[in-house]
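Enquirer: One gets this note's numbering by counting positions in the sequence shown from 1 and adding 32 to each.
Built from N, CA and C at the ideal position, the CB exists for glycine as well.
Handing you this structure, nothing more for now.
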Amino acid sequence: MKHPTLPPLALALAATLLGGCSMIPAYHRPAAPVAATWPAEPGAPTAAEEGKTAAADLPWQTFFGDPRLRELIELALANNRDLRVAVLNIEQARAQFQIKRADQFPTVGVAVARTPTASGNSAVNVYSAGVGISNWELDFFGRLGSLKEAARAQYLATEEGRKATQTSLIASVANGYLNLLADNELLELTRQTLATRADSLKLTRLRLDHGAASELDSRQAEFLFEGAQVALAQQQRQRAQDENALVLLLGQPLPRDFFAAVAPPRLSDAALLTELPAGLPSSVLVNRPDVRQAEQQLIAANA
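So, in structure tokens, the structure goes:
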């Protein structure tokens with residue numbers, strides 16, 4: 033008795049349909065609990081400004097107009113160890129994603145074998161060759177697809193983690209550079225104050241010698257002069273600490289004569305930082321790398 037058999041085309045079609053079945057839950061991004069537009073208040077972005085490219089979509093070079101600050105950021109990006117680790121993690125996640133993706137396809141192998149046989153008084157070699165398909169699991173319930181989707185989401189989360197690390201590093205270098213500029217201005221002001229206190233003390237002592245000032249006036253002038261000396265020492269120490277913090281971010285000492293070659297800009301300089309367009313409240317939130325990283329990790333956990 034013969035049993036009816038399905039033609040090869042029907043088997044292939046059935047395998048394709050079964051392979052398309054997936055138990056992965058559909059992911060839908062929830063609505064952000066923020067306003068879709070800025071409030072209509074004085075100083076809020078206008079409709080024309082909202083149509084511009086958002087700050088999150090601009091390269092970091094656009095943010096800073098000072099070429100020396102851009103030089104420091106490039107040094108930090110090249111030397112920072114945390115960023116190197118983040119890049120290596122991306123390579124690892126990308127490789128894992130490629131492995132999971134390859135598991136969905138059959139592996140084709142070619143084999144050649146030689147079998148020696150005896151025939152009477154002579155030896156005969158029998159050669160055989162074949163093409164085989166191995167290491168392939170039909171993805172009935174989307175298990176392999178789920179693993180691939182999880183690996184892909186994990187890779188994207190790792191990429192967003194690198195962006196978050198890079199953004200944090202750039203912001204830290206910029207803050208460190210601005211701190212140094214502020215320290216320079218405070219040092220200049222403190223030195224001017226010290227010079228003024230020294231002149232005042234000299235004048236008070238001269239008046240004391242001629243009977244035009246009292247001993248109390250002289251003591252007060254000395255107190256103010258010594259206070260200015262202490263303030264100068266404190267400000268010098270603060271600048272040294274801020275420079276050391278910036279050096280740690282850069283991974284190397286500051287370039288020689290970094291501030292001596294050209295007078296550093298002042299914090300009030302309009303060209304120091306670039307005026308950037310504001311984004312919509314909701315887009316500002318979802319464009320944050322740490323938020324996108326958390327979203328991809330959620331997708332990977334649910335895959």
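Looking only at its own chain, which residues have a Cβ that is under 7 Å from the Cβ of G257, when we skip the five neighbours before and after it?
Expert: As a first step, residue 257 must be located in the sequence shown, where it is residue number 225. It is Phe, not Gly, that sits at residue 257 in the sequence shown. Result list for F257: R229, A230, L233, in chain order.
Enquirer: Among E192, E247, V262, P285, which one has its Cα closest to the Cα of T225?
Expert: Here residue 225 corresponds to residue number 193 of the sequence shown, with the count starting at 1. The option with the nearest alpha carbon to T225 is V262.
Enquirer: Please report the distance separating the alpha-carbon of G283 from that of A206.
Expert: Reading the sequence shown from its first residue, position 251 is the one you call residue 283. Reading the sequence shown from its first residue, position 174 is the one you call residue 206. Each residue's alpha carbon lies about 15 Å from the other.
Enquirer: Quick check on the DSSP output: what are the complete beta strand (DSSP E) runs of length 3 or more inside the region 248 to 290, in order along the chain?
Expert: List check, beta strand (DSSP E) in window: nothing returned.
Enquirer: Measuring only the C-alpha atoms, how far is A260 from A245?
Expert: The residue labelled residue 260 in the question sits at position 228 within the sequence shown. The residue labelled residue 245 in the question sits at position 213 within the sequence shown. Cα to Cα, A260 sits roughly 22 Å from A245.
Enquirer: Would you identify the three-state DSSP class for A206, choosing helix, strand or coil?
Expert: If you number the sequence shown from 1, residue 206 lands on position 174. It is helical.
Enquirer: On a Cα-Cα basis, can you pick out the residue from P91, Q270, Q93, E103 that is closest to P287?
Expert: The residue labelled residue 287 in the question sits at position 255 within the sequence shown. Of the listed residues, the one whose Cα sits closest to P287 is E103.
Enquirer: Check whether the Cβ atoms of G208 and D289 sit closer than 8 Å, and answer yes or no.
Expert: Taking the sequence shown and counting its residues from 1, the one referred to as residue 208 is at position 176. Taking the sequence shown and counting its residues from 1, the one referred to as residue 289 is at position 257. In this structure, D289 does not lie closer than 8 Å to G208 by Cβ.
Enquirer: On a Cα-Cα basis, can you pick out the residue from W92, E247, R251, L101 that is closest to P297?
Expert: For the purposes of this step, residue 297 is identified with residue 265 of the sequence shown, where counting begins at 1. Of the listed residues, the one whose Cα sits closest to P297 is L101.
Enquirer: Please name the residue, chosen from E220, R251, L221, that lies closest to L235 on a Cα-to-Cα basis.
Expert: Here residue 235 is taken as the residue at index 203 of the sequence shown, counted from 1. Ranking E220, R251, L221 by Cα distance to L235 puts R251 first.
Enquirer: Tell me the DSSP secondary structure of L90 in three-state form.
Expert: As a first step, residue 90 must be located in the sequence shown, where it is residue number 58. Here L90 sits in coil by DSSP.
Enquirer: Am I right that Q266 and L219 are in contact with their C-beta atoms under 8 Å? What's the rounded C-beta distance?
Expert: As a position in the sequence shown, residue 266 is number 234, starting the count at 1. As a position in the sequence shown, residue 219 is number 187, starting the count at 1. 11 Å between Cβ atoms; not a contact.
Enquirer: Going straight from the alpha carbon of Q270 to that of N211, what length do you get?
Expert: In the sequence shown, counting from the first residue as 1, residue 270 sits at position 238. In the sequence shown, counting from the first residue as 1, residue 211 sits at position 179. Answer to the nearest angstrom: the Cα atoms are 10 Å apart.
Enquirer: Taking only three categories from DSSP, how would you classify L305?
Expert: Here residue 305 refers to the residue found at position 273 when the sequence shown is read from its first residue. Residue state, collapsed to three classes: strand.
Enquirer: Can you say whether L201 is buried or exposed, counting buried as having 16 or more other CB atoms within 10 angstroms of its CB?
Expert: Here residue 201 corresponds to residue number 169 of the sequence shown, with the count starting at 1. Looking at its Cβ environment, which holds 16 or more other Cβ atoms inside 10 Å, L201 is buried.
Enquirer: Once the 5 residues before and after D249 are set aside, which same chain residues still bring their CB inside 6 Å of it?
Expert: Residue numbering aside, residue 249 sits at position 217 when the sequence shown is read from its first letter. Correct list, in chain order: T236.
Enquirer: Would you decide whether N112 is buried or exposed? Buried here means 16 or more other CB atoms lie within 10 Å of its CB.
Expert: As a first step, residue 112 is located in the sequence shown; it is residue number 80 there, counting from the start. N112 comes out buried.
Enquirer: Could you check if G193 is buried or exposed, using at least 16 other CB atoms within 10 Å of its CB as the buried criterion?
Expert: For the purposes of this step, residue 193 is taken as residue 161 along the sequence shown, with counting starting at 1. G193 is buried by the Cβ-count criterion.
Enquirer: Report the rounded CA-to-CA distance for E307 versus L238, giving the unit in angstroms.
Expert: Residue 307 sits at position 275 when you count from the first residue of the sequence shown. Residue 238 sits at position 206 when you count from the first residue of the sequence shown. Cα to Cα, E307 sits roughly 53 Å from L238.
Enquirer: Measure the alpha-carbon distance for F255 versus L213 and round it to whole angstroms.
Expert: Within the sequence shown, the letter at position 223 stands for residue 255. Within the sequence shown, the letter at position 181 stands for residue 213. If you take the alpha carbons of F255 and L213, they lie about 29 Å apart.
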